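In terms of the numbering used here, the sequence shown is numbered consecutively and its last residue is 409. Cβ atoms here follow ideal geometry from the backbone N, Cα and C, with glycine treated the same way. If you're wondering where the values come from, they're calculated on a predicted model, not measured in any experiment. Below is one structure, written out as structure tokens; the observations come after it.
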Amino acid sequence: MTLLALDTSTSTLHLAIKGDDFYEERMIFDSLQHSDAMLGQIKALLKDHNKTLKDLDLLFCTRGPGAFTSLRIGMATLKGFALALDIPLVTIPTLDVIANSVKFFPGAIIPVIDAKKKRYYLGFFNSELSVIKSLDGNTEDLISLVNKEPSVLVTGPDAK
């Protein structure tokens with residue numbers, strides 16, 4: 250089984266491919282124009298593993314929160330692939346993906362994405378990665394979440 254995953258929710262374009270005997274992940278930083286880089290990166294990723302689109306069995310894509318236009322570009326691209334290839338497309342919340350990337354952390358995890366205008370998309374996950382809270386908040390909301398737990402990891406592309 251070969252799967253392709255794509256995250257276009259932030260300024261960093263994330264791509265991954267996994268097969269029975271290989272796995273590769275790529276991050277293209279500051280790729281504000283995902284539409285310019287995405288298809289070429291997908292093509293290169295497939296080629297590097299001697300695969301074509303027809304070899305794909307399953308597609309994954311983040312569904313937000315994040316940059317609305319970028320999310321639409323990523324989801325529309327993979328939805329087109331899914332329809333043309335007659336394969337499933339699974340969408341995953343972006344904050345869940347970020348939290349799972351640091352699942353080794355023993356305390357609470359707060360993924361952060363800049364929502365612009367001094368607002369943030371925030372998630373609050375316990376150590377078992379269960380979502381306790383997900384919100385569109387400000388700096389005070391973030392501080393309030395951090396102060397709720399003795400051990401907290403604030404993470405994500407906009408955790409500064």
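From the options, pick the residue whose C-alpha is nearest to that of residue i; which is it?
i: leucine 378; options: Leu308, His283, Lys365 and Pro360; result: Pro360
i: threonine 311; options: Val395, Asp385, Tyr369 and Thr326; result: Thr326
i: threonine 340; options: His298, Tyr370, Arg321 and Phe353; result: Arg321
i: phenylalanine 354; options: Pro399, Thr301 and Ile392; result: Pro399
I want to see whether chain B comes within less than 8 Å of residue i, judged by CB atoms only; does it?
i: threonine 404; result: Chain labels in this structure do not include chain B; a single protein chain is all it has.
Give me the Cα-Cα distance between residue i and residue j, rounded to the nearest whole angstrom.
i: leucine 262; j: methionine 276; result: 6 Å
i: histidine 283; j: leucine 264; result: 11 Å
i: glycine 313; j: proline 342; result: 6 Å
i: glutamine 290; j: lysine 367; result: 32 Å
i: leucine 338; j: lysine 303; result: 14 Å
i: serine 383; j: leucine 394; result: 11 Å
i: lysine 292; j: aspartate 285; result: 13 Å
i: histidine 298; j: leucine 344; result: 29 Å
i: aspartate 335; j: aspartate 269; result: 20 Å
i: leucine 255; j: phenylalanine 271; result: 17 Å
Given residue i, which residues of its chain have a CB within under 6 Å of its CB, disregarding the five upstream and five downstream residues?
i: leucine 253; result: Ile266, Leu305 and Leu308
i: methionine 324; result: Cys310
State the beta-bridge partners of residue i as determined by DSSP.
i: phenylalanine 373; result: Lys382
i: lysine 366; result: According to DSSP, lysine 366 bridges with nothing at all.
i: valine 339; result: Phe309
i: valine 346; result: According to DSSP, which records beta bridges pairwise, valine 346 is partnered with nothing at all.
i: lysine 267; result: Leu252 and Tyr272
If you drop the 5 nearest sequence neighbours on each side, which residues of the same chain put their C-beta closer than 7 Å to that of residue i?
i: isoleucine 347; result: Pro360, Thr404 and Gly405
i: alanine 408; result: Val361
i: aspartate 279; result: Ser260
i: aspartate 385; result: Ala364, Arg368 and Tyr370
i: leucine 397; result: A small fix is needed here, since residue 397 is lysine in this sequence, not leucine. Result list for lysine 397: empty, nothing under 7 Å.
Residue i and residue j: beta carbons closer than 8 Å?
i: asparagine 387; j: isoleucine 381; result: no
i: leucine 288; j: glutamate 273; result: no
i: serine 258; j: alanine 316; result: yes
Kindly list the residues whose CB is nearer than 8 Å to the CB of residue i, restricted to its own chain and excluding five residues on each side of it in sequence; keep chain order.
i: valine 401; result: Gly356, Ala357, Ile358, Ile359, Leu394 and Val395
i: aspartate 390; result: Tyr369, Leu371 and Leu384
i: threonine 301; result: Leu295
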